[in-house]
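Peer 1: Here it is, the structure in full.
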Amino acid sequence: AQKVTQAQTEISVVEKEDVTLDCVYETRDTTYYLFWYKQPPSGELVFLIRRNSFDEQNEISGRYSWNFQKSTSSFNFTITASQVVDSAVYFCALSAGPASGGSYIPTFGRGTSLIVHP
Amino acid sequence: DAGITQSPRHKVTETGTPVTLRCHQTENHRYMYWYRQDPGHGLRLIHYSYGVKDTDKGEVSDGYSVSRSKTEDFLLTLESATSSQTSVYFCAIRTRRGAEIDTQYFGPGTRLTVL
């Protein structure tokens, strides 16, 4: 069975601080995908990133960066110099990958609510 | 934007009434999903479809049924709504092409209140 744990239910920071959202996962699949989604106060779910299990290269996109470590089963998300517009609930998710024969249905974590104060 | 719309966007209904939510997509995606989102539970899968007339249950399917008579529409029906089905419902598709293959993209959501 797959499991995604986002231990931080809520994080509060002041604008311009760096913040890291943790995601720890469990899976028996040999290949898998990891995802991050953002849900701003307006309610829509916005896809941020997908990472294949065979690609442990970290990724940076502007102020966002992701650190994938298979050794610790973690896929953490860092926002550098946070802004008020980053305030949202962030979800980490895991699905079977292309070689595992799985159903590709993601398992979602319960989300981390990030509040960025001006 | 994966071309997904949901209707209605908001609905208030009474216990015991039937409710149908519609998900419409314009990009010919084969896989479609219905989730509900509740505080403290994150996103939970209700039903999904892997083609026209091909559907399967998710982890919280009791009290819900689905239908997919054409590729672009995936309907979620609450046969007799209960207050426990008050929730935000999201439809999603799974891409099968492009750089982000096997990624789910979500519709805007439907907020359902059952009184």
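Sequence lines, in order, name chains A and B.
Our numbering numbers the first residue of the first sequence as 298 and each following residue consecutively.
Our numbering numbers the first residue of the second sequence as -10 and each following residue consecutively.
Where is the CB? At the ideal position from N, CA and C, for every residue including glycine.
#1: Mind reading off the beta-carbon distance from A/E341 to B/P97? Whole number of angstroms is fine, and I expect it under 8 Å.
#2: From the DSSP secondary-structure annotation, give me the bridge partner or partners of B/H36.
#3: Would you kindly check if the distance between the Cβ of B/R86 and the Cβ of B/Y20 is under 7 Å?
#4: With DSSP run on the structure shown, which of helix, strand or coil describes A/S358?
#5: Please confirm whether B/L32 has its beta-carbon closer than 7 Å to some beta-carbon of chain C.
#6: Put A/S371 into one of helix, strand or coil per three-state DSSP.
#7: Please classify B/S73: does DSSP put it in a helix, a strand, or coil?
#8: Determine, using beta carbons only, whether A/L318 comes closer than 7 Å to chain B.
#9: Pull up the distance between the alpha-carbon of B/H(-1) and that of B/S54, whole angstroms please.
#10: Can you tell me the Cα-Cα spacing of A/V381 and B/K42, whole angstroms?
#11: So A/A390 and A/D326 are supposed to be a Cβ contact under 8 Å. How far apart are they, rounded?
#12: Measuring only between beta-carbons, confirm whether B/G(-8) sits less than 7 Å from chain A.
#13: Mind checking if B/E89 is an interface residue toward chain A, Cβ cutoff 7 Å exclusive?
#14: Check whether chain A comes within 7 Å of B/T102, counting only Cβ atoms and requiring the distance to be less than that.
#15: May I ask you to report which of helix, strand or coil DSSP gives B/D62?
#16: I'd like to know whether the C-beta of B/T9 is nearer than 7 Å to at least one C-beta of chain A.
#17: How would you call B/A70, buried or exposed, if buried means at least 16 neighbouring beta carbons within 10 angstroms?
#18: Short of 7 Å in beta carbon distance, which residues of its chain neighbour A/Y329, apart from the five on each side in sequence? Order them along the chain.
#19: Compare the C-beta of A/Y329 with all C-beta atoms of chain B and state if any pair is closer than 7 Å.
#20: Looking at C-alpha atoms only, which residue of B/R33, B/H30, B/Y78, B/L34 is the closest neighbour of B/C12?
#21: Can the beta-carbon of A/S379 be found closer than 7 Å to that of A/V413?
Peer 2: With the given structure in hand:
#1: Indeed they touch by this definition, with Cβ atoms about 5 Å apart.
#2: B/W23, B/K46
#3: In this structure, B/Y20 sits away from B/R86, with a CB-CB distance that is not shorter than 7 Å.
#4: Assigned with DSSP and collapsed to three states, A/S358 falls in strand.
#5: No chain C appears in this structure, whose protein chains are A and B.
#6: strand
#7: helix
#8: no
#9: 19 Å
#10: 44 Å
#11: About 14 Å; that fails the 8 Å criterion.
#12: no
#13: yes
#14: No, because no Cβ of chain A sits closer than 7 Å to the Cβ of B/T102.
#15: strand
#16: no
#17: Classification of B/A70: buried, given that the 10 Å Cβ count is 16 or more.
#18: S350, L391, S392, A393, G394, S397
#19: no
#20: B/Y78
#21: yes
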